[in-house]
Structures are given as structure tokens and as C-alpha cells.
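I have placed the structure first, in the form of C-alpha cells, so that the comments after it can refer back to it.
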């Protein structure tokens, strides 16, 4: 399934409408993994991401979606 149709089916948005940075939960929905697994992969450094704010919340660039799906 193409990334644009997957994004539309899962989140109801077009790829262009996605925010530049996704939450781990949004990313998990798109790549069809459990939220806990995505957090584990983030801690391991297997998913490129940044930590923001005082609470250090993870954010994943939307460009990572396609790269991650290509590897799966």
C-alpha cells in the first residue's frame, strides 16, 4: 500500500496534511506496530527521532514513515 493511501486510511489525512513531527502513537498507527514497541525502538535508536521540551517527549519526522516502511 502506498504511503499516501495508508496515511489517509489510518489517520484520515493526506500525507501533506501530516505535521512535520509525529508522536510515537501516530507513528505506531501508521506502521502498524504497538505503541510500546515504537517506544522501545526509539530508545534503541532504531527510529530516528528528537526529544522535545522539559518532559522530553519523542517526536518522529514524517519522512521516517516511508523509510521505515521500506525496511519492513
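Numbering (the numbering used here), first residue to last: 1423 to 1494. Heads up, the beta-carbon is just placed ideally off N, CA and C, and yes, glycines get one too. Treat the numbers as computed from the prediction; the structure is a model and nothing was measured.
Grouping DSSP H, G and I as helix and E and B as strand, with all else coil, what is residue i?
i	result
residue 1464	helix
residue 1446	helix
residue 1454	coil
residue 1491	helix
Return yes when the C-beta of residue i is under 7 Å from any heavy atom of the ligand FAD, and no when it is not.
i	result
residue 1487	This structure simply doesn't include the ligand FAD, nor any ligand for that matter.
Let me check understanding here. Comparing Cα to Cα, which of the options lies closest to residue i?
i	options	result
residue 1450	1466, 1439, 1429	1429
residue 1426	1432, 1442, 1437	1437
May I ask which residues mark the beginning and end of the alpha helix (DSSP H) holding residue i?
i	result
residue 1425	1425 to 1433
With residue i as the anchor, note down where its beta strand (DSSP E) starts and where it stops.
i	result
residue 1482	1479 to 1483
residue 1474	1472 to 1474
Rounded to whole angstroms, how far is the Cβ of residue i from the Cβ of residue j, which I believe are closer than 8 Å?
i	j	result
residue 1464	residue 1471	5 Å
Any chance the stretch 1439 to 1446 sits against the stretch 1479 to 1490, with 3 or more Cβ pairs inside 8 Å? Because the criterion of three Cβ pairs below 8 Å is met, the stretch 1439 to 1446 and the stretch 1479 to 1490 touch.
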